[in-house]
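Chemist:
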Amino acid sequence: MTIKIWKSLLVILLFTTGVFAIPKAEKKALVDLYESTNGDGWKTSWNLVTKVSKWDGVVIEDNHVVAITLFNNNLTGVLPSSIGDLKYLKILNLAFNTIEGQLPVGLFQLTNLEVLRLGKNKLQGAIPNEIGALKKLEHLDLYHNNISGALPEVLGSLSRLRVISLSDNRIEGKLPESISSLSNLERLELSENNLMGDLPKNLSALQGLKILAIANNSFSNKFPSEILKMQNLEVLQIQKNNFEVNFLADFSSTASSLVVFDFDGKTNVSYSKRNLKDLYLDSNTRTAKAKFEDEEEKN
-3 MTIKIWKSLL VILLFTTGVF AIPKAEKKAL VDLYESTNGD GWKTSWNLVT
47 KVSKWDGVVI EDNHVVAITL FNNNLTGVLP SSIGDLKYLK ILNLAFNTIE
97 GQLPVGLFQL TNLEVLRLGK NKLQGAIPNE IGALKKLEHL DLYHNNISGA
147 LPEVLGSLSR LRVISLSDNR IEGKLPESIS SLSNLERLEL SENNLMGDLP
197 KNLSALQGLK ILAIANNSFS NKFPSEILKM QNLEVLQIQK NNFEVNFLAD
247 FSSTASSLVV FDFDGKTNVS YSKRNLKDLY LDSNTRTAKA KFEDEEEKN
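Everything in the sequence shown is counted per the numbering used here, starting at -3 for the first residue and increasing by one.
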């Protein structure tokens, strides 16, 4: 009986003394994030002397940090390299802030990450090959930053990706062929970059794709007419590129699911699609970002 009592007292002691708190490395990573992004100036700040579970935007499960959501919270500065110590992190949403600098190497050590939202910041540099380590990633949002360089081929190995939102950056080069293997992809948003050349031939294999926004780049040659036959494609924005216009000849008989179509080429084709609610054929580009900023989406 005495042994049972001692065991019970030990359990109570463990809870009350905080043994089950998050690991020190994870707490330090959070404090580093706070300090490197001017936490005192956030709209909703953290009281560092209270329990981490009380910190706004931080979610803890099984004594580990699994989510950080500081959307539109006036973060300024850079991301700390120690962010890679948040090994159990699934959601990182720091969109609509003023974070600068390059993407830290530690970011690509977050192998449990499912949602990465860093859109509408001032990040720069290229997306490194190390992104290939994020095998569980479903949502990649780096929209409206200063990301440059070419898209790595390894991006096509992230088979769980549903959203790639990279519009309004300075990304250059060709769209990797490997993108065509992302069978779960629903949104591919690459407008307002410096991409060039042909679109991947097998892009139409992405049968779950709902949004293809590639406006204001330098894509050229023949636009794959097979894309118009994609059964789930609802939004197609391809204006301000260098595509030949002959692919539009059978537009009215093939684009069965499109409800938004933006193109700026001269054509005499008749557009009578019953589903097409938003047709834009003009040289004055309206950008995909105006429609899909997701300003209210927090996850």
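No residue lacks a Cβ here, since even glycine has one placed at the ideal position from N, Cα and C. In this text, all values refer to a predicted model and were calculated from it rather than measured experimentally.
Using the rule of at least 16 other Cβ atoms within 10 Å of the residue's Cβ for burial, across every protein chain shown, is R270 buried or exposed?
Modeler: In this prediction, R270 scores a pLDDT of 43, lower than 50, which makes its location untrustworthy; the coordinate-derived value is nonetheless stated afterwards. By the 10 Å Cβ count, R270 comes out exposed.
Chemist: At the level of alpha carbons, what is the spacing between N93 and E240?
Modeler: 39 Å
Chemist: Taking the CB atoms as reference points, tell me whether Q98 and G121 lie closer together than 7 Å.
Modeler: yes
Chemist: When you compare only the Cα positions, how much space is there between K24 and G102?
Modeler: Put simply, the backbone Cα of K24 is about 14 Å away from that of G102.
Chemist: Give the DSSP bridge partners of M226, in chain order.
Modeler: BP columns for M226 are empty, so no partner.
Chemist: With respect to the alpha helix (DSSP H) encompassing E22, which residues constitute its N-terminal and C-terminal limits?
Modeler: Going by DSSP, E22 is part of the alpha helix (DSSP H) stretching over 20 to 32.
Chemist: Determine, for S253, whether the minimum Cβ-Cβ distance to residues of chain D falls below 7 Å.
Modeler: Looking for chain D here will not work: only one protein chain is present.
Chemist: Given a cut-off of 7 Å on the beta-carbon distance, is the pair L130 and L109 in contact?
Modeler: yes
Chemist: Thinking C-beta only, is G37 closer than 7 Å to N89?
Modeler: no
Chemist: Thinking S338 and L232 are a contact (beta carbons under 8 Å), I'd like their distance in whole angstroms, please.
Modeler: Absent from the structure is residue 338, since the part of the chain shown begins at -3 and ends at 295.
Chemist: Could you name the residues of the same chain whose beta carbon sits closer than 7 Å to that of I18, not counting the 5 residues immediately before and after it, in chain order?
Modeler: Taken in chain order, the residues that qualify are V48, I56, N59, H60, V61.
Chemist: Using 7 Å as the threshold, is the C-beta distance between S41 and V74 below it?
Modeler: no
Chemist: Quick check on Q235: buried or exposed, where buried means 16 or more other Cβ atoms within 10 Å of its Cβ?
Modeler: Q235 should be labelled buried.
Chemist: Three-state secondary structure (DSSP) at Q203?
Modeler: DSSP places Q203 in coil when its eight states are reduced to three.
Chemist: Does the distance from the C-beta atom of S163 to that of E188 stay below 7 Å?
Modeler: Their beta carbons are under 7 Å apart, which means S163 touches E188 by this criterion.
Chemist: Helix, strand or coil for G53? Go by DSSP, reduced to three states.
Modeler: Three-state result, G53: coil.
Chemist: Given this structure, state the Cα-to-Cα distance separating G35 from E149, to the nearest angstrom.
Modeler: 36 Å
Chemist: Measure from the alpha carbon of R183 to the alpha carbon of each residue in L208, P172, G193, then state which is nearest.
Modeler: L208
Chemist: For E185, which residues does DSSP report across the bridge?
Modeler: S161, A209
Chemist: Quick check on G169: buried or exposed, where buried means 16 or more other Cβ atoms within 10 Å of its Cβ?
Modeler: Exposed, because fewer than 16 other Cβ atoms sit within 10 Å of the Cβ of G169.
Chemist: Check for me: the beta strand (DSSP E) holding I95 runs from which residue to which?
Modeler: 94 to 98
Chemist: Is F239 helix, strand or coil when you go by DSSP?
Modeler: DSSP places F239 in the strand class (E or B) of the three-state scheme.
Chemist: For D258, count neighbouring C-beta atoms within 10 Å of its own C-beta (all shown protein chains included) and say buried if the count is 16 or more, exposed if not.
Modeler: The Cβ neighbour count for D258, taken over all protein chains shown within 10 Å, is at least 16; the residue is labelled buried.
Chemist: Determine the direct distance from the alpha carbon of G204 to that of L229, and round the result to whole angstroms.
Modeler: 8 Å
Chemist: Tell me, please, which residues DSSP counts as bridged to V255.
Modeler: For V255, which the question treats as bridged, DSSP gives no partner whatsoever.
Chemist: Please state the DSSP three-state secondary structure of F104.
Modeler: helix
Chemist: What does the Cβ neighbour count give for V159, buried or exposed, with the cut at 16 atoms within 10 Å?
Modeler: Of the other Cβ atoms in all chains shown, 16 or more fall within 10 Å of the Cβ of V159; this residue is therefore buried.
Chemist: Could you compute how far the alpha carbon of A91 sits from the alpha carbon of H135?
Modeler: 13 Å
Chemist: From L119 to L66, what distance separates their C-alpha atoms?
Modeler: 16 Å
Chemist: Need the endpoints of the beta strand (DSSP E) that I167 sits in, please.
Modeler: 166 to 169
Chemist: Tell me, to the nearest whole angstrom, how far the beta carbon of L106 is from that of L138; I am working on the premise that it is less than 8 Å.
Modeler: Not quite, the Cβ-Cβ distance comes to about 15 Å (not below 8 Å), so this is no contact.
Chemist: Please state whether the Cβ-Cβ distance between D28 and P76 is less than 7 Å.
Modeler: yes
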